[in-house]
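Just so we're on the same page, our numbering is the position in the sequence shown counted from 1, plus 78.
Each residue gets a CB set at the ideal place from its N, CA and C atoms; glycine is no exception.
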Amino acid sequence: MAKPDQTPPKEPPGRTIPASKSALPPKQPAISLWQSYNALSPRTRLIFGVSLFIFAGAGLYISDKVEERLTPEPARKA
Numbered sequence: 079m080a081k082p083d084q085t086p087p088k089e090p091p092g093r094t095i096p097a098s099k100s101a102l103p104p105k106q107p108a109i110s111l112w113q114s115y116n117a118l119s120p121r122t123r124l125i126f127g128v129s130l131f132i133f134a135g136a137g138l139y140i141s142d143k144v145e146e147r148l149t150p151e152p153a154r155k156a
């Protein structure tokens, strides 16, 4: 049994106690996608919009061409 005049053992040197969560700086709230888009310069937003428009148009054009090539011809009736 431990004697009442003894102190608890100390932490060995070289070991540190991890910081508590309250010691961390508060997190900034995440910004929305719209806020991120609005933070871009007008020129960048214009380039992004035009690029998206061209990409969508190319996708529609290419999908039509692929569909024409992959659609089987109807069977002929005699």
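Can you tell me whether DSSP reads residue i as helix, strand or coil?
i: residue 143; result: helix
i: residue 153; result: coil
i: residue 118; result: coil
i: residue 136; result: helix
i: residue 113; result: helix
For residue i, I'd like the list of residues in its chain whose CB is within less than 8 Å of its CB, leaving aside the five on either flank, ordered along the chain.
i: residue 35; result: Shown here, the chain extends from 79 to 156; a query on residue 35 therefore has no answer.
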